[in-house]
Amino acid sequence: MYLKKIEVKGFKSFADRIELELDKGITGVVGPNGSGKSNISDAVRWVLGEQSAKSLRGGKMEDVIFAGTDIRKPLGYAEVAITIDNQDSMLPIDYSEVIIARRMYRSGESEYSINKVNCRLKDITELFMDTGVGREGYSIVGQGRIDEILSAKPEDRREIFEEAAGIVKYKTRKQESEKKLDATEQNIVRLDDIINELNSQLEPLMIQSENARKFLDTREKLKVLELNIHVINIEKIKEKLTGVNDLMSGLEAEFKDKTSRISEIDNEYLSVKGIIQKMDESISRMQQEIHNIDNEIERLQGEGNVLNEKTSNIEKNIIRIDEEIKKEACEIDKMKKNFEEIDLSLTQSTEVLKEQMELLEEKNNRFVTLNSSIAEKNDYIENMKSEVIEILNMIADKRSSVNSYITFKSNIEKRKGQAVIESQEKEKDKLRLENDYAKCNEELKTYKKNLEEEKDIIEKIEKGRADTFNEKKKIDERIYDINGKLQSMQARHRVLHEMEEDFEGYNKSVKEIMKLRKNKKYSEGICGVVADLIHVPEKYEVAAEIALGPALQNIVTENEMWAKDCIEYLKENKYGRATFLPLTTIKGRDISSNESLVKIMPGFLGFANELITYEKKYFNIIKSLLGRVIVADNMDNAIGIAKKISYSMKVVTLEGEVINSGGSFTGGSLNQRTGNILSRKRELEELERNIKKLNESLYVANKKKVEIDSTLNELDINAKERTEKKHSLEMMLTTLDNRLTQLKSEIQRAAADIASLNTEIIQLDMENDEVSKKITLESAELREYEARSFNLNTDIQNEQSGIKDFLNDKDELINEITSIKVKAAQCEQEIGVYKDRIEEINNNINEYNREVQNKIAEKENSAKEIENIALLIKENGDKISSYIKKGEELKVILTDETEKRAKNITSLEEFEAKKKKGTEEIASIQSEIHKADLQKSKLDMELESIQNKIWDDYEISYAAAVKYRIEITNISQAVKEINTLKEEIRGLGTVNINAIEEYKKVKERYGFLTEQRKDLEEAKDSLKKVIVEMTDKMRTQFIKNFEIIKENFTVTFKQLFGGGRAELVIVNPENMLESGIDIIAQPPGKKLQNLTLLSGGEKALTAIALLFGILRMKPSPFCILDEIDAALDDVNVARYARFLKEFSEQTQFITVTHRKGSMEAADVLYGVTMEEKGVSRIVSIKLSEKAS
């Protein structure tokens, strides 16, 4: 596997698309500072998923997009793609060539793709895991990465070793498993809460479910019996309806005959009315036509006046045009004279220009000769200056050398002082570390004591939480009971409210009138149905309902006209019939003095109209309906009252028995009264009051629940805080144990550092003596070069004074040439002005000539227009005469039509008299039909009432009820059985029908969640096992590969430094997978010392040794090295290049460099240039081809 191609567009300084074709071996990237070389390594790091703008040498991620230059606009996105050859299938993907691409827009959106298929960053990271390639791997070593590897904390240095050891994928999987384990444990806790909650619901729901099943069975038996009773009653009513329908058929036939005759009269009436209407339209048209003629005559006369005025204006315009033509002819003569004067001046200026150009040519020839002599002198002086510059360069080199030695000497002395101070500081650090060790030991004992106290507190909190949870369980059960009752009442309230809104229980005709009342036009005239206008106490509901009977559905109107309009509306729409009670016509009957004596009779409760409440305006209506109805407490007393008044009034008992006026008795059992018209409103009000009370109870219970939840929450928070504190203490104990181990190690390391610093001070004294000798030698050579420079500068000054005379002559000649050029330019300018003026005069003459021609044409057009206007005036006069004649003819016709219309009006009045007589005869027949219809309506109402009762109770139609028909031999026995079933239903109390389904669902969910919890426990055990196995595998593989890297690093270090010693040390061997890694380096001839004390070159060479040590153990497919050789001298660059050549057989290298030795090692060189400022470009050369 190797990197085959890099494609970049819009990334940093690469504004245009560039492609780097790469091959195995070593590829070098070179170019001047600031040309954009390092942007190539940044591009590869970025496409592999780098998320830190700082690592890409930017402030924010948008900085990687080309920002534009003075002549180029910024780009909207940056895109990088790398092509990898995967013939060896090193990457776990079924492609021989893999293209990784990343695109980022200025809006912040970022896209990744593998082989042009969009993917996640995670997919790319997992693809390269443990290959050494990646943004955190050792395959890309950028600027500053050397320092970062060596100066980082031991813990931060682990990543590169983990990548090399091949445990990154295991570490990643372990972390994912730990996250899954944590999520699984949280899910188990949540499931336990849900399972406990469901378990508390199961038993109450099971009891409610059994009650609901019993209720449904009983209700089904009740339904069959009640439906059969209703069907029998309906069949009886239908027999009576048949007789009434036959009577109405005869009356309607007679009504139809009379209506037919009235229709004939209506047709004749409409025919005459149509003739009159046509005459009216004809007369109107003629009047309009006469009016139009008058308007047209007036319009034509106005147009004639306008045309006369226009003729006058045109004649005045012709006179003006003649005067303008004369003025323009005078202007043309003046311009021709001006043209002749300017042409003469042009000729004179041309001759002067010719003379000046001849003189200029002569002066230019003399200037060329003089310039040649000055150039020869300057060349001689420049040669001497070049020699001076060479000497000055030598002087600068010597001075730089002397200064370097002086600086080096100063650094040695400075380092010696620092080493002395550091030695003293290390002594202090050692003492401080020993004190810290003692304090840390004391802290450890204190934290152990605190941990035991926290465990006791947590145990008490858990006990309080259990008690509070039991209290919450009880309040939840109460809320559940209240909600059950509330839902039942709300459902009943909703049904009754919908019945009230839809006028359930009323006849169709009454429903339609009440719907019509919602129309604003009818709302003032229709007061409402009787049932809506009265309020009956619950005690008297049965008596009032029986007393009123069908009259409950009578409709009260403001007057008889509104009643008439409503009846017309029912007839037109065929909605049936209804009874109307106009306020202006209904009067109540008074009670006689004999009848009023019943007030003192036993059981007398009152006259029905006095026992109910209503608005004062309905007094007569209620009195006419209930004023002669007495309410008694029972049947016995009712009989006594009826006898007293000789059966002259209706007497009704509280249970609904009736003694009619005349002596007939009505009584028996009453059907279930659910949804009766009078009781419906009262029940609605009671339900609203009960619902309000239940809501208040629910609010109190919920408030209590919130308080308990709050207490539980506080306990949970307290428990969590205490648990976290416990964990914190446990972690602190672990930290203190680690700290003690670390302090012990640091005390030992401080003692070793003190010994190392003392040795370094001795070596620095020796180096200081050698540098002093070199400074003396270099200073002597510097003085020799300065003497030679002084002599050459004297010769240059002598030559420069001799060239001054030539320069003075040259300046005089330049002034003369400049004067001649100025005069010539003035002549050319004058000639140009004269030519422009001549052209302008010619254009003006042509313009004036065109205007004269236009005015002559305008004059001719005006004359023609006068002729045309004269013709129009004549035509208007002819039209006016024609319109006057036509108007007189129309007025004669209009008079004739008006006389005919008067005759037709007389005929129309005769037809109206015939129509009135026929209408009176029809009204008589309608009265007879109305009586029969009232009887039919009463039966219809009874029929509809039963059918509505069937629908209200069971929501089925009469046709569906017939299907439940069974043989009933004894109706009274069936009624008793119905009452028994109702008692059984009442005995069940409030029944939650939904409990059957709820119990089934809760039970299923309880079983499902219990099974889920079992699966989660198994998953938890499995994850713990995987984590342990992964940890063991990581530890084994890391130890094995770390030992190989450690050995390789030691060998490579000695090869690169030509000796010395280096070692990799694990800080805490007991915690191999998290411990930091120290790098110890001792270059040849120096004592073992801290990495920070190494020179820049030594640090770079140490990091390179570590890189090659890793590559020796696990070669990366490709490696990008960005100027890591910058700090090396030529000898070490050569060693570095040899290693590149050696390792290039297994690893492809792309090296960004300035060093000659690194360039010589490369097989291919790419040059990065900035031909255009701010935009990088690529040029390439294959060195193997050039060498051949």
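According to this note's numbering, the stretch in the sequence shown is residues 10 to 1197, in order.
We treat Cβ as the ideally placed atom computed from N, Cα and C, and that holds for glycine.
None of the values given here were measured: they were computed from a predicted structure.
{"Check": "Residue of Arg758, Gly313, Val397 minimising C-alpha distance to asparagine 802", "Outcome": "Val397"}
{"Check": "8 Å Cβ cutoff met for glycine 58 and serine 22", "Outcome": "no"}
{"Check": "Backbone secondary structure at asparagine 237 - three-state DSSP", "Outcome": "helix"}
{"Check": "Alpha-carbon spacing of methionine 4 relative to valine 1188, whole angstroms", "Outcome": "As shown, the chain starts at 10 and ends at 1197. That puts residue 4 outside it, with no answer to give."}
{"Check": "Residue burial classification, serine 954 (beta-carbon count within 10 angstroms, cutoff 16)", "Outcome": "buried"}
{"Check": "For isoleucine 784, the nearest candidate out of Ile204, Thr416, Ile1129, Val377 (CA to CA)", "Outcome": "Thr416"}
{"Check": "Buried versus exposed call for aspartate 79 [16 or more other C-beta atoms within 10 Å across all chains shown]", "Outcome": "exposed"}
{"Check": "Per-residue burial, arginine 308 [other beta carbons within 10 Å of its own, 16 or more giving buried]", "Outcome": "exposed"}
{"Check": "Cut-off 7 Å between Cβ atoms - residues of its own chain near glutamate 463, not counting five sequence neighbours on either side", "Outcome": "Arg731, Lys734, Lys735, Leu738"}
{"Check": "Straight-line gap, alanine 833 to serine 381 (C-alpha atoms, nearest Å)", "Outcome": "27 Å"}
{"Check": "Threonine 1040 beta carbon less than 8 Å from that of leucine 1082", "Outcome": "yes"}
{"Check": "Contacting residues, own chain, Cβ-Cβ under 7 Å from serine 269 (five flanking each side not counted)", "Outcome": "none"}
{"Check": "Beta-carbon proximity list for isoleucine 938, same chain, < 6 Å, skipping 5 on both sides", "Outcome": "Leu260"}
{"Check": "Buried versus exposed, by CB contacts within 10 Å (16 or more), tyrosine 179", "Outcome": "buried"}
{"Check": "Arginine 487 versus Val377, Lys1182, Gln210, Leu31, residue with shortest Cα-Cα distance", "Outcome": "Gln210"}
{"Check": "Pick from Gly534, Asp1138, Ile543 that is closest to aspartate 574, judged by C-alpha positions", "Outcome": "Gly534"}
{"Check": "Beta-carbon spacing of aspartate 1172, threonine 36 below 8 Å", "Outcome": "yes"}
{"Check": "Distance between beta carbons of leucine 207 and arginine 1014, contact taken as under 8 Å", "Outcome": "6 Å"}
{"Check": "Reference arginine 1147, options Phe1117, Tyr1175, Lys888, Ala759, closest by Cα", "Outcome": "Phe1117"}
{"Check": "Presumed contact (8 Å Cβ cut-off) between alanine 110 and lysine 439, rounded CB distance", "Outcome": "So it is not a contact: roughly 56 Å between Cβ atoms."}
{"Check": "Option nearest isoleucine 400 by Cα separation, candidates Met288, Leu353, Asn800, Asn582", "Outcome": "Asn800"}
{"Check": "Separation of lysine 652 from threonine 662, as counted between CA atoms", "Outcome": "15 Å"}
{"Check": "Span separating the alpha-carbon of arginine 1070 from that of isoleucine 15", "Outcome": "39 Å"}
{"Check": "Outcome for threonine 622 when other beta-carbon atoms lying within 10 angstroms are tallied against a minimum of 16", "Outcome": "exposed"}
{"Check": "Cβ distance (whole Å) where threonine 193 is taken to contact alanine 1028 below 8 Å", "Outcome": "6 Å"}
{"Check": "Beta-bridge partners of methionine 113, as assigned by DSSP", "Outcome": "Ala87, Ser119"}
{"Check": "Per DSSP, the bridge partner or partners of tyrosine 11", "Outcome": "Asp94"}
{"Check": "Member of Ile630, Glu581, Asn807, Thr588 whose CA lies at the smallest distance from the CA of aspartate 599", "Outcome": "Ile630"}
{"Check": "Chain-order list of residues whose beta-carbon lies under 6 Å from that of proline 83 (same chain, five-residue window excluded)", "Outcome": "Ala76, Gly77"}
{"Check": "Selection from Glu1020, Gly558, Ser432 that minimises the alpha carbon distance to alanine 764", "Outcome": "Ser432"}
{"Check": "Range of the contiguous alpha helix (DSSP H) that encloses threonine 134", "Outcome": "130-136"}
{"Check": "Cβ-Cβ distance between isoleucine 977 and asparagine 242 below 8 Å", "Outcome": "no"}
{"Check": "C-alpha distance - isoleucine 330 paired with lysine 868, whole-angstrom precision", "Outcome": "7 Å"}
{"Check": "Contact set for isoleucine 271: own chain, Cβ-Cβ below 8 Å, skip 5 residues either direction", "Outcome": "Lys924, Gly927, Thr928, Ile931"}
{"Check": "Outcome for glutamine 562 when other beta-carbon atoms lying within 10 angstroms are tallied against a minimum of 16", "Outcome": "buried"}
{"Check": "Rounded straight-line distance, which links the Cα of aspartate 541 to that of glycine 684", "Outcome": "Because glycine 684 sits at a pLDDT of 42, beneath the cut-off of 50, its placement in the model cannot be relied upon, and the following sentence gives the value as read from the coordinates. Distance between the alpha carbons of glycine 684 and aspartate 541 is about 14 Å."}
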